[in-house]
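Engineer: Residue numbers (the working numbering): 14 to 219.
Here a beta-carbon is modelled for each residue, glycine too, at the ideal position from N, C-alpha and C.
Here the structure is a predicted model, which is why all the values come from computation and not from measurement.
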Amino acid sequence: MKLVLIGPPGCGKGTQSGLLCKKFGLPHISSGNILRAEVQAGTPFGKKIKKYMDRGEIGPQELITKAVLEHIDKNCPSGFVLDGFPRTLYQAETLHGTHNIVAAIYLNVAEKEILKRITGRRTCSKCGRVFHLDYSPPKKNGICDSCEGELVQRDDDTAETVKNRVQIYKKETMPVLDFYRTLGVLKEINANVAPDVIFQEILNIV
Ligand code: AMP
14 MKLVLIGPPG CGKGTQSGLL CKKFGLPHIS SGNILRAEVQ AGTPFGKKIK
64 KYMDRGEIGP QELITKAVLE HIDKNCPSGF VLDGFPRTLY QAETLHGTHN
114 IVAAIYLNVA EKEILKRITG RRTCSKCGRV FHLDYSPPKK NGICDSCEGE
164 LVQRDDDTAE TVKNRVQIYK KETMPVLDFY RTLGVLKEIN ANVAPDVIFQ
214 EILNIV
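#1: Could you tell me whether the Cβ atoms of residue 149 and residue 96 are closer together than 8 Å?
#2: Pick helix, strand or coil for residue 135, following the three-state DSSP scheme.
#3: Do you know offhand how far residue 156's Cα is from residue 134's?
#4: Label residue 213 either buried or exposed according to how many other C-beta atoms from any shown protein chain fall within 10 Å of its C-beta, with 16 as the threshold for buried.
#5: Can you tell me which of 40, 70, 37, 217 puts its alpha carbon nearest to the alpha carbon of residue 168?
#6: Note the first and the last residue of the continuous alpha helix (DSSP H) segment covering residue 103.
#7: Heavy atom of the ligand AMP less than 7 Å from the Cβ of residue 65, yes or no?
#8: How many Å lie between residue 201 and residue 106 at the Cα?
#9: Below 7 Å, is the gap between the Cβ of residue 104 and the nearest heavy atom of the ligand AMP?
#10: Beta carbon of residue 205, beta carbon of residue 126: below 8 Å?
#11: Just to confirm, does residue 141 get its C-beta within under 7 Å of one of the non-hydrogen atoms of the ligand AMP?
Next comes the structure, spelled out in structure tokens:
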């Protein structure tokens, strides 16, 4: 099963990908996590992309596409849930060249909801698990329920960067919706509701 989750920042791609992977035993491929790991490890590639990521921009997408596709080929060529990739038409077309996506699930969320969701988001600095201060708080303040790592706010989860990310989403990622619509695999879901309701909708599709 090869699935893509697509939508604006804060639509719940990470949460829903995690739930889907757990349910079906699929690998969760988050391009953001792959790139953040490069930045954290201080690799030459990580140094190159950091400034783009801090601003919420797309950056050198040929290199990014190559990194994500290599990750797929190495770890999970036969099935995955993709989160944050493809983000541009170029990425969608390149992915389509080698992988047959069975469904691109579009989590459609209202713009006014986005800022609220993202600024309350806290991420585990050790395992990457995501919490929300209001909607899914950790049991212990500032500590990850899974691995006891420290919860931090991502550098690009500030109000100013989020506005930039939404603009980039509209310009670069919305054409990807049309790409999958034309292929007949786009499935749109109302993502303004609670995570368990969204997940049920996704299950009805897959
Ligand atoms: P995310 O964790 O998906 O919100 O991604 C965080 C940041 O990583 C984005 O704002 C981009 O700067 C970068 N990024 C993640 N995925 C991609 C991608 N598919 N193409 C280009 N940049 C990406």
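Structural biologist: Working from what's here:
#1: no
#2: strand
#3: 13 Å
#4: exposed
#5: 70
#6: 102–111
#7: yes
#8: 20 Å
#9: yes
#10: yes
#11: no
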